[in-house]
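Residue numbers (our numbering): 660 to 790. By construction, the Cβ of each residue, glycine as well, lies at the ideal position given by its N, Cα and C atoms. Remarks on the structure that follows.
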Amino acid sequence: MKLEHLAIWTHQLEELKEYYIRFFKAIPNKKYVNPKKNFQSYFLSFDSGARLEIMTKPDIPVNLNDTEDKQHLGLIHFAFELESPEAVDTKAEELQEAGFAILDGPRRTGDGYYEFATLDPDRNRLEVTAK
Numbered sequence: 660m661k662l663e664h665l666a667i668w669t670h671q672l673e674e675l676k677e678y679y680i681r682f683f684k685a686i687p688n689k690k691y692v693n694p695k696k697n698f699q700s701y702f703l704s705f706d707s708g709a710r711l712e713i714m715t716k717p718d719i720p721v722n723l724n725d726t727e728d729k730q731h732l733g734l735i736h737f738a739f740e741l742e743s744p745e746a747v748d749t750k751a752e753e754l755q756e757a758g759f760a761i762l763d764g765p766r767r768t769g770d771g772y773y774e775f776a777t778l779d780p781d782r783n784r785l786e787v788t789a790k
């Protein structure tokens with residue numbers, strides 16, 4: 660069994676799509692538009708086969724979570740695995756130079772990962788790791 664995809668609501672569909680293309684090499688499908696439901700989405704595919712669905716609909720309320728400095732119940736982050744600790748360092752530098760905060764790391768964790776934490780444009784918490 661495999662996890663087929665994760666889905667994220669957003670009010671900045673194109674910006675989020677471009678972020679994952681630029682920094683994580685996502686390949687988007689053609690935009691799906693359902694005018695009757697005022698819904699639009701993309702599926703973003705990654706080399707590993709994982710997919711992320713990003714969706715927008717004007718009446719979805721904003722989540723006021725403060726994931727930068729607090730944790731909460733429920734889905735808190737998802738992670739991208741890179742090929743080496745050096746690649747993790749390079750990705751952290753790339754994101755930081757583009758104006759995205761590095762919340763923690765890069766560092767070696769107690770369970771053996773080399774990783775850092777960051778936020779995407781919608782403040783979804785991401786980890787970028789190497790084993």
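By the neighbour-count criterion, in which a residue is buried when 16 or more other Cβ atoms sit within 10 angstroms of its Cβ, D779 is buried. A distance of 8 Å or more separates the beta carbons of G771 and K750.
Between L762 and A746 the beta-carbon gap is near 19 Å, outside 8 Å, which marks them as no contact. DSSP, reduced to helix, strand and coil, places Q699 within a strand of the structure shown.
Counting the other CB atoms within 10 Å of its CB gives N697 a total below 16, which places it among the exposed residues.
Around the C-beta of A685, 16 or more other C-beta atoms lie within 10 Å, and the residue is accordingly described as buried. Check the Cα spacing between L662 and each of R710, P687, L703: the tightest is with R710.
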